[in-house]
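Engineer: Numbering (the numbering used here), first residue to last: 198 to 544. What follows is a structure written as C-alpha cells; I'll ask about it next.
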Ligand SMILES: [Zn+2]
Ligand SMILES: [Zn+2]
C-alpha cells in the first residue's frame, strides 16, 4: 500500500516537473493561484452567458430580429474580460521603476500655482516623471541614487529623518503615499490595496484601469441580471429545473451587483477626493495623516483636477506628490462660505 502511494507521488511529482518545465511561470505557487482565479473568472462569465443563451430560445429569436442588441451585450462581455486582463497585467507603479525613470529620463518639476506664491523654502508641489525608457535595466550609479534620495526628502517636511522614509524590505526611499506590499514584495506608489481577484496591486499606475474594470463589470452584471429576470418572468412555469438553476444564479448575481455597486461608488469617492483605500482605512495610523481633521482631504486639488490627474496623468507617468504644508492644510480646512460656493472652491 505504502509502495503504491509512493509510486503515485513520484508520478505526480514527475508530471508536475514536466509541466513546470513547459510553463516556468507555474512553478511559483502565487502565480499558480492567480492563474487559477483568472480561469475561474472567465469560466464564471462563460457559465452565466452560456446558460442564458442555452435556456432562453426567445433570446436567440431576439438576436435574429435585433442583432445590435445581442452584439452590444457581447461587446460589453468581451470588453469586460479584456479590461480585466489589461488591469491584471498592468503595473501599479513601483517605486523602483519611478526611481529608475527619475535617473534615466527627463524630469519635469512642476510646482503648483499655490506653491509658486510661497517662499522658496516651501517644499510643496508635485513631480511628474515621464516613463519613456523606464524599462531599461541599467545599474544605478551612486550619484543617481543620491538624486532620488534628495528628491524624496524634498517632499517631506524639513528635518524628517531619512530612515523613517526608507523601506526596510526594498531599501529604497519611499515618496509620500507609497507603501510596501508584502504580496508583491515591492513598494507601490499611491498604494490602494492588493487585489487578490486581479492578482496585482492597485496603485497609481493602474487605479484608473481598475475603476473602468469595476464599471464595466457592474454594467455587465446588471444587464445579465435584467436578461435573467426577463427570462424568468416569461418562462417560470415551463421547466421548473431551468427556473431553479436561473434563480440560484440570479441570487449570486444580485449579491455580486450590490458588492460591485458599492465598490464603484467607494472608488469614485476616492478618485474625486484624491485618496486611497489604504489612506482612508488607516488614516489614524499613517504619520502624515495623523492629526488632520476627517473632512479635510490633504492631497485633493479640487474635483476637476483630481479627475484629470486620475484619468490622464497617472496612467502615463509617475506623479510624486509632496506632503501639504501647514498653510495649505489650514486653507483646506477653512469652512465653506457662500463666496466659495459661487467660485467653485471644491472644483
Ligand atoms: Zn518596499
Ligand atoms: Zn501587491
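The beta-carbon is built from N, C-alpha and C at its ideal position, and this holds for glycine as well.
Three or more C-beta pairs closer than 8 Å, one from the stretch 342-360 and one from the stretch 441-450: is that the case here?
Structural biologist: Result no; under three Cβ-Cβ pairs closer than 8 Å.
Engineer: Locate the alpha helix (DSSP H) running through residue 448, then write down its first and last residues.
Structural biologist: From DSSP, the alpha helix (DSSP H) with residue 448 extends over 437-470.
Engineer: Following the continuous beta strand (DSSP E) through residue 515, name the residue where it begins and the one where it ends.
Structural biologist: Segment 514-518, the beta strand (DSSP E) holding residue 515.
Engineer: Hey, is the stretch 381-391 in contact with the stretch 282-292, meaning 3+ C-beta pairs nearer than 8 Å?
Structural biologist: These segments touch.
Engineer: In terms of alpha-carbon separation, which member of 525, 522, 468 and 518 lies closest to residue 501?
Structural biologist: For the residues 525, 522, 468 and 518, the minimum Cα distance to residue 501 belongs to 468.
Engineer: Across which residues does DSSP place residue 399 in a beta bridge pair?
Structural biologist: In DSSP, residue 399 forms a bridge with 390.
Engineer: Less than 8 Å separating the Cβ of residue 292 from some heavy atom of ligand 1?
Structural biologist: Correct: residue 292 has its Cβ closer than 8 Å to ligand 1.
Engineer: Measure the CB-CB distance between residue 281 and residue 476 and report whether it falls below 9 Å.
Structural biologist: Not in contact: residue 281 and residue 476 (Cβ atoms no closer than 9 Å).
Engineer: Could you check the C-alpha separation between residue 330 and residue 515 for me, to the nearest Å?
Structural biologist: Per-residue confidence for residue 330 stands at a pLDDT of 36, beneath the threshold of 50, marking its modelled position as unreliable; no derived number is given.
Engineer: If residue 241 and residue 394 are in contact, beta carbons under 8 Å, what's the gap, nearest whole angstrom?
Structural biologist: Actually they are not in contact, since the Cβ atoms of residue 241 and residue 394 sit about 11 Å apart, beyond 8 Å.
Engineer: Thinking residue 470 and residue 494 are a contact (beta carbons under 8 Å), I'd like their distance in whole angstroms, please.
Structural biologist: With 8 Å as the limit, residue 470 and residue 494 qualify as a contact, their Cβ atoms being about 4 Å apart.
Engineer: Excluding the 5 residues flanking residue 398 on each side, which residues of the same chain have their C-beta closer than 6 Å to its C-beta?
Structural biologist: Contacts found: 289, 378, 381, 385 and 391.
Engineer: Using the Cβ count rule (16 or more neighbours within 10 Å means buried), how would you classify residue 366?
Structural biologist: Residue 366 comes out exposed.
Engineer: Going by Cα to Cα distance, which pick from 461, 253 and 523 is closest to residue 485?
Structural biologist: Cα-wise, what sits closest to residue 485 is 523.
Engineer: Quick check: does the Cβ of residue 367 come within less than 8 Å of any heavy atom belonging to ligand 2?
Structural biologist: No; taking the cut-off as 8 Å, the Cβ of residue 367 has no heavy atom of ligand 2 nearer than that.
Engineer: Compute every distance between the C-beta of residue 387 and the non-hydrogen atoms of ligand 1, then say whether any falls below 8 Å.
Structural biologist: Not so, every heavy atom of ligand 1 lies at least 8 Å from the Cβ.
Engineer: Relative to ligand 1, is the shortest distance from any of its heavy atoms to the C-beta of residue 401 smaller than 8 Å?
Structural biologist: No.
Engineer: Of all Cβ atoms in chain C, is any one closer than 9 Å to the Cβ of residue 398?
Structural biologist: Here there is only one protein chain, and chain C is not present.
Engineer: Tell me the DSSP secondary structure of residue 379 in three-state form.
Structural biologist: Three-state result, residue 379: coil.
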